[in-house]
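Chemist:
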Amino acid sequence: MNYKISFTTMATPELDIPAQAAVARAYNFDGVDLRIIERGRGEIPPDLTPEQAADILEQFGEIEISSLMCYNKNISSGHEEMVASILNCIRIAKLLKTPLIRIFSGRIETEEDLDVLVAALKAVLERDDSSVKIGIQNHVNHISALQTIEVCERVASPRVGIILSPDQSVARDEDYVPLLPRAAKHTFQLYVADKNPDKAFVLIGTGMIDNARNLRILRENGFDGYVTLKWEKVWIPELPEYPEGISSFLTYLQAHCGYHK
Numbered sequence: 563m564n565y566k567i568s569f570t571t572m573a574t575p576e577l578d579i580p581a582q583a584a585v586a587r588a589y590n591f592d593g594v595d596l597r598i599i600e601r602g603r604g605e606i607p608p609d610l611t612p613e614q615a616a617d618i619l620e621q622f623g624e625i626e627i628s629s630l631m632c633y634n635k636n637i638s639s640g641h642e643e644m645v646a647s648i649l650n651c652i653r654i655a656k657l658l659k660t661p662l663i664r665i666f667s668g669r670i671e672t673e674e675d676l677d678v679l680v681a682a683l684k685a686v687l688e689r690d691d692s693s694v695k696i697g698i699q700n701h702v703n704h705i706s707a708l709q710t711i712e713v714c715e716r717v718a719s720p721r722v723g724i725i726l727s728p729d730q731s732v733a734r735d736e737d738y739v740p741l742l743p744r745a746a747k748h749t750f751q752l753y754v755a756d757k758n759p760d761k762a763f764v765l766i767g768t769g770m771i772d773n774a775r776n777l778r779i780l781r782e783n784g785f786d787g788y789v790t791l792k793w794e795k796v797w798i799p800e801l802p803e804y805p806e807g808i809s810s811f812l813t814y815l816q817a818h819c820g821y822h823k
């Protein structure tokens, strides 16, 4: 089974851009997911210039910037601010030749909240006709996996889909497995993380998330996107360093997910 793999820079918060590219090469990753945020070295500034983008692309060379993780204005900021924020992320994606951006919805508590999100996404599509895809990440504090599917079905655009994070469904006690066949055709990227019964992050393959099953069901139903290590060292400093996180990810994929390079 062959598919592309990446890691997010949440795993490598202390590394600058050249070092992140070097990690990708050392471990044979196809891509790296960079964060658009003013925090730490190695991140993409929201006011990225064409000159800065050209330098970053040169550093990565053959390594794809597989996704941009946008800490965008969400529904709590109002329609226009959310739309403008997402459009800026798309602008940066074009500069970096990145096919996908990850967005946050904001906290979805009512049907009206979903309506606001759908309207914002439709407005973005009306104002930008590029090929950059917009992936909504399900999140314990924002939106459920089921709600992301519903949003995708309502927007009904091949450019709007899901960055599926099963660990976030586990964190909110969502029974996400029955949703996987329905989610597959909308899923642009699968985040791989693992949690123990206390819902703390652990090395891949040592917790209770059946990532192999998740990937199998998604691929059987049409998913062909990146499989991505989600190692949140930037937010959880007590996690092991990135070499151990990456090694657990690669070992798991090779042993249980048919991965080979």
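Residues in the sequence shown are numbered consecutively from 563, following this note's numbering. Every residue, glycine too, gets a C-beta built ideally from N, C-alpha and C. If you're wondering where the values come from, they're calculated on a predicted model, not measured in any experiment.
Per DSSP, what kind of secondary structure is leucine 577 in: helix, strand or coil?
Modeler: Assigned with DSSP and collapsed to three states, leucine 577 falls in coil, not helix or strand.
Chemist: Check the DSSP bridge columns for glutamine 709 and list the partner residues they point to.
Modeler: Glutamine 709 pairs with nothing; no bridge assigned.
Chemist: Does DSSP put arginine 721 in a helix, in a strand, or in coil?
Modeler: coil
Chemist: Looking at the structure shown, is tryptophan 695 part of a helix, part of a strand, or coil, going by DSSP?
Modeler: The residue asked about is misnamed: residue 695 is lysine in this sequence, not tryptophan. Lysine 695 falls in the strand class under three-state DSSP.
Chemist: Does serine 568 pass the burial test, meaning 16 or more other C-beta atoms within 10 Å, or should it be called exposed?
Modeler: buried
Chemist: Output yes or no for whether 8 angstroms exceeds the beta carbon distance between leucine 791 and valine 754.
Modeler: yes
Chemist: For alanine 762 and threonine 574, I'd like the C-alpha separation in whole angstroms.
Modeler: 19 angstroms
Chemist: Would you call the CB atoms of leucine 687 and isoleucine 637 closer than 8 angstroms?
Modeler: no
Chemist: Report the residue from Asp772, Asp592, Trp797, Gly820 whose alpha carbon sits nearest the alpha carbon of glutamate 624.
Modeler: Looking from the CA of glutamate 624, the closest CA among Asp772, Asp592, Trp797, Gly820 belongs to Asp592.
Chemist: Threshold first: 3 residues or longer. Then list the beta strand (DSSP E) segments lying entirely within the segment 642-708, N to C.
Modeler: Unbroken beta strand (DSSP E) runs of no fewer than 3 residues, entirely contained in the segment 642-708, are found at 662-665, 695-699, following chain order.
Chemist: Sort Ile663, Ile771, Leu741 by Cα distance to isoleucine 725 and report the nearest one.
Modeler: Ile663
Chemist: DSSP beta-bridge partners for cysteine 632?
Modeler: Looking at the DSSP output, cysteine 632 bridges to Ile598.
Chemist: Taking only the alpha-carbon atoms, compute the straight-line gap between alanine 746 and histidine 704 and give it to the nearest angstrom.
Modeler: 20 angstroms
Chemist: What did DSSP end up calling threonine 570 once you bin it into helix, strand or coil?
Modeler: Strand at threonine 570.
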